[in-house]
Amino acid sequence: MYRIVQKKTLNPQVKLMTVEAPAIAKKARPGQFIILRVHDEGERIPLTIAGFDRAAGTITIVFQEVGRTTRALGQLEEGDSILDFVGPLGIPSHTEGIRKACVIGGGLGTAIAWPQAKALHDLGAEVHMICGFRNKDLVILEDEVRAASDRTIITTDDGSNGVKGFVTDQLKALLAEGNEYDVVIAIGPLVMMKFVSQMTKPLGIRTIVSLNPVMIDGTGMCGGCRVTVGGKTKFACVDGPDFDGHEVDFDEAIRRSSMYRDEEKQSDEMHQCRMGGLSNG
Amino acid sequence: MADMSLKKYPIPEQDPNQRNKNFAEVSLGYTEELARKESARCLQCKNKPCVAGCPVQVDIPGFIAKIGQGDFEAAYDVLKSTNTLPAVCGRVCPQETQCEERCVRAIKGQSVGIGRLERFAADRHMEKVCEAPLRPSPNGKKVAVVGSGPAGLTCAGDLAAMGYAVTVYEAFHVAGGVLMYGIPEFRLPKAIVQKEIDDLRKLGVEILTNRVVGRAETIDELLDEEGYSAVFVGTGAGLPSFMNVPGENLNSVYTANEFLTRINLMKAYKWPECDTPVRIGKRVAVVGGGNVAMDAARSAKRLGAEEVSIVYRRSEEEMPARLEEVHHAKEEGIRLVTLTNPTAILDDGKGWVRGMTVVDMELGEVDAKGRRSTHAIPGSEHDLAFETVVIAIGQSPNPLIRQTTPGLSTQRWGGIIVDESTGATSKPRVYAGGDAVTGAATVILAMGAGKIAAKSIDELVRSSEA
C-alpha cells in the first residue's frame, strides 16, 4: 500500500497527489511514469511522474478525473493509500546538450511538461513555456510554470485567461520573433502534439512528444501500448514514453487510444449509476 | 496386486458445451475412490523409470503408494519434498512427454495417471490441512529472486527450506508470473496458485510486488547495497513476437500476452464488475499452434465469440500444443484452420480489424530442428473475416534485465546464458533459469531450473563461508 501524503485540487477536474513510494522516488527521473491500481477489481493505468522527492521518498502525480479509475483515485484523501503503485517505468527524458527549449503543455499535459521545463531550467537552459487550456477555470500550475521558465505564455481557447487561441499559434509567434530552439517538447492531447510536430517538421526543429497510451504491465510484455515511430513498431512503455514527434504516426495513436471508448463509457455509466444508488440509499 | 486395466480411470470433466461458456476449471479432479483405484495401476517398479522423466525428481511410486494406502497427507509430503508447486504441476505439466511417457504401463495401454494423482494429493491437502509448514532455523544469509513465476518460486521455496532469508521481487501486483497472467483460470484456478504461494510465505519467503528490478533496484544494487549473497533471475519470456505483416497495429489486434493478461490477471471476464475490458467480436482468429494459442482461443470462446479459429501454418500433427489442450479446444468448438498463414490483417476502413489475408501452405522436408519446413502455395491468397486477431506465435525474454545488468552474457535472441548443470550466469553470484534462459518452455522445466540454481546458490554460500 502506498500512502497519500498530500492531495491538492488544481482545478475542478485535476488533482495532484504526493504518494509515499521510496523505492520509486530513489530512482525516478523526469519523463518516466508509474502504473497504479486503486482497488482490487481496478485496472492498471499509467501516469507520468510529475515530481519526486528522493529525501522524502515520495512521488507526485497529477491526474484528470476522466474515467472510472481516475475518479476512484480522486476520491481518496490524504492518509488513504493506493493499492498498487509501480515504477519508475520508461526511459527518462534526454536533457543533455539543450541550451534553449520551448516546452509546450496542453491541459493536463502541463503537469508533465512542467517538470521537464524545470529540469532544463535547473540545468541552465533558456526555457520558453506555452501552456494551453480550454478556459481560465482549467488553468493549472501557473505559478510553478512561471518559476520554471524564462518566458511563459498561457493560452485559453476562449481567451478567458492569457492569450486567446491555441498553443501552435503561440509557437508560431515565438518562432517568428526569431527564437531558435534546440528542441520543442510538446506534451498534451495527441491532436495537439500532432499539430506541433507538423509545424516544426518542415522547419527542422527537433520535437519530442510524450505518449501515454493504454498499457497493462508497463514493462514490455503486453504490447498494448505499441505505436508506430519512423515506420517501426515501438512500445511506449519501454522504448518511450518520449518519442521524436516527427516520426510518430499520430493518426494511428489517436485511433488506438479510442479502442475501449465504448467499454469506458458503458462501465462509467454503470459506475455512476451505482454511486447514485448508494447516495440515494 | 496391481489393477491391470489398460486405461486410466477417466477424470471427471465439465461438459464441453457447458464449460465453453464459463471460466470454472475444466477438469474436476479425481475423487478419493477414483484416486485409490488409479493408484492401484502403478506397478511400483524398482527402477522407477517415471522419476527420471521428472525435471524435479518427484518420488512418483512413493507418493502413489501412499495414496493407495489412503494416507493422502503422506502422499502430499512425498510430493512436496521435491516439488514446490504440486497442485500447479498436477494440472499443467506435460506428463505425456515426461513421467507418464516413461511409465512401464504405457508400453501396453495407457500410463498411470501420474498428473491426476499428483493433483488429487495436492488438492486434498489444500482442502483438509491448514497447518503451516515448519520454518527451518535461519542461516543468516539473504538471497534475492527476481520474478515470481515457476522458476523463481521453486528457487525461493528450496532456499527458504534450507534456512535462507529469501526476498522475491515481482513486477506485477500479484505473485505467480505466468501462472497468474498467462494460464487461464479454467486450466489453473488462481486461488490454487495463491494457496501454493501462501505456503511459501508461511515458510518465510518475502514477496515484494510492484517492484521492477532494472528500473527500481538493479541486480548490482541487490548484490552490493542490499546485502544479498546471490540473485536468481527467473524473469520469464514476456516479450511478444509479431508476424511483421501489415495491419498488426489495427484496433482489436492483440498479442496473446495482452489478451490473456487482460482476461486472467485483470479478470476482464468479469467486466464490468472488474474495470479492465477486452474486445472479443463475433469471429476471433488466434494465430499460432502452441498452448498459449489454445488458451487464447478457449478464452475467446468463453467470452462469447461465436466462431473461434486457430490459424496455424503447419498441420495439426505439428502443433506444439499438448494433445490434451488441442483435444479440449476442439471439444469446445474451436475450429482449426491449419496449413494457413496470414500475410496481412485487413482494415475495415475505420482502423478496426475486418479480417486477414491468408495463404495456403504446404509441408516440405524435415529441417535441421526436426520440424517440417513450410512454403506458401503461389496464388492461394484469400481473405477470411474476423473482428479480433490474437497473435500467439511466441515470446522471448524481456530485455530489461540484460540491458541493466553489466557482465550478464545473453544469447543473440535474448536468453541468459547459464551453465545448465548449476544455473550460474557469466556474472558472479547471479544465477538464472526458466524461460529467461530457454525461451518459452514449460512450467516444470522452469521449476527444475529453479531447483538446480537453489542448490548451486547454497553451495556457493557455503564455500564462501569456508
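Protein chains in written order, with the numbering used here: chain A, 49 to 329; chain B, -19 to 446.
Beta carbons are placed, not taken as given, at the ideal position from N, Cα and C, and that holds for glycine.
Values in this document were obtained by computation on a predicted structure and should not be read as measured data.
Measure the alpha-carbon distance for D438(B) versus G430(B) and round it to whole angstroms. 12 Å
Below 7 Å on C-beta distance, what does M223(B) contact in chain A? Per Cβ cutoff of 7 Å: no residues; M223(B) is ~11 Å from chain A at best.
Find the residues of chain D that neighbour A196(B), judging by a C-beta separation of less than 8 Å, and give them in chain order. Looking at the structure shown, chain D is missing, and the protein chains on hand are A and B.
Going along chain A in order, which residues have a C-beta closer than 7 Å to the C-beta of E253(B)? E89
Give the DSSP-derived three-state secondary structure of V239(A) in the structure shown. helix
Spatial neighbours of E286(B) in its chain, beta-carbon cut-off 6 Å, leaving aside the 5 residues before and after: K262
Determine the direct distance from the alpha carbon of I235(A) to that of G155(A), and round the result to whole angstroms. 9 Å
Looking at I260(B): is its Cβ nearer than 7 Å to the Cβ of G284(B)? yes
Nearest-angstrom Cα separation, counted from L8(B) out to I373(B): 30 Å
For R304(A), which residues in chain B fall below 9 Å Cβ to Cβ? N229, L230, N231 and G331
Runs of alpha helix (DSSP H) lying entirely within the region 116 to 163 of chain A, each at least 4 residues, in chain order: 116 to 122
For A102(B), write down the residues that DSSP places opposite it in a beta bridge. According to DSSP, which records beta bridges pairwise, A102(B) is partnered with nothing at all.
Segment contact flag, the region 212 to 232 of chain A with the region 261 to 279 of chain A, C-beta cutoff 8 Å, min 3 pairs: no
Min CB distance K63(A) to chain B below 7 Å: no
Could you name each continuous alpha helix (DSSP H) segment of 4 residues or more that falls completely within the region 27 to 90 of chain B, going from the start of the chain to the end? 29 to 32, 40 to 48, 52 to 62 and 66 to 72
Quick check: the region 134 to 143 of chain B against the region 176 to 196 of chain B, are at least 3 beta-carbon pairs closer than 8 Å? yes
Hey, out of A98(A), R182(A) and W162(A), whose CA is closest to E190(A)'s CA? W162(A)
Taking S88(A) as the reference, which of Q391(B), H153(B) and A301(B) has the closest Cα? The question names Ser, but residue 88(A) is Asp in the sequence shown. Comparing Cα-Cα distances from D88(A) to each of Q391(B), H153(B) and A301(B), the minimum goes to H153(B).
My guess is that G33(B) and Q78(B) are in contact by the Cβ rule of under 8 Å, so how many angstroms apart are they, rounded? 4 Å
Please look up how many angstroms separate the CB atoms of V63(A) and G122(A), rounded, as I've assumed it's under 8 Å. Residue identity check: residue 63(A) is Lys in the sequence provided, not Val. Their Cβ separation, rounded to whole angstroms, is 5 Å, which keeps K63(A) and G122(A) in contact under 8 Å.
Taking C-beta pairs closer than 8 Å, name the residues in chain A that T323(B) reaches, listed in chain order. Here the premise fails: no neighbours, minimum Cβ distance about 17 Å.
is_contact[H153(B), chain A] using C-beta, thresh 7 Å: yes
Please identify the residue among S232(B), I397(B) and Q383(B) whose C-alpha is closest to the C-alpha of F366(B). S232(B)
Does the beta-carbon distance from G162(B) to L240(B) come in below 7 Å? yes
Please state whether DSSP places Q112(A) in a helix, a strand or coil. strand
Could you list the residues in the region 268 to 291 of chain B with a C-beta less than 9 Å from some C-beta on chain A, going in chain order? none
If you draw a straight line from the C-alpha of G210(A) to the C-alpha of I188(A), how long is it? 13 Å
Could you tell me which chain A residues have their CB closer than 8 Å to the CB of M336(B), listed as they occur along the chain? Here the premise fails: no neighbours, minimum Cβ distance about 18 Å.
Secondary structure at G180(A), three-state DSSP: helix, strand or coil? strand
Contact the region 99 to 115 of chain B vs the region 397 to 411 of chain B: 3+ CB pairs below 8 Å: no
Give me the residue from Y208(B), V272(B), R302(B) and G270(B) with the minimum Cα distance to G120(B). Y208(B)
At what residues does the alpha helix (DSSP H) containing I52(A) begin and finish? Looking at the DSSP string, I52(A) is not in any alpha helix (DSSP H); the run it does join, the beta strand (DSSP E), is Y50 to N59.
Would DSSP call T267(A) helix, strand or coil? coil
Identify each residue in the region 102 to 131 of chain A for which the Cβ-Cβ distance to at least one residue of chain B is less than 7 Å, and report them in chain order. R116 and T117
Residues of chain B with CB under 7 Å from G272(A), in chain order? E238
Taking only the alpha-carbon atoms, compute the straight-line gap between D297(A) and G279(A) and give it to the nearest angstrom. 8 Å
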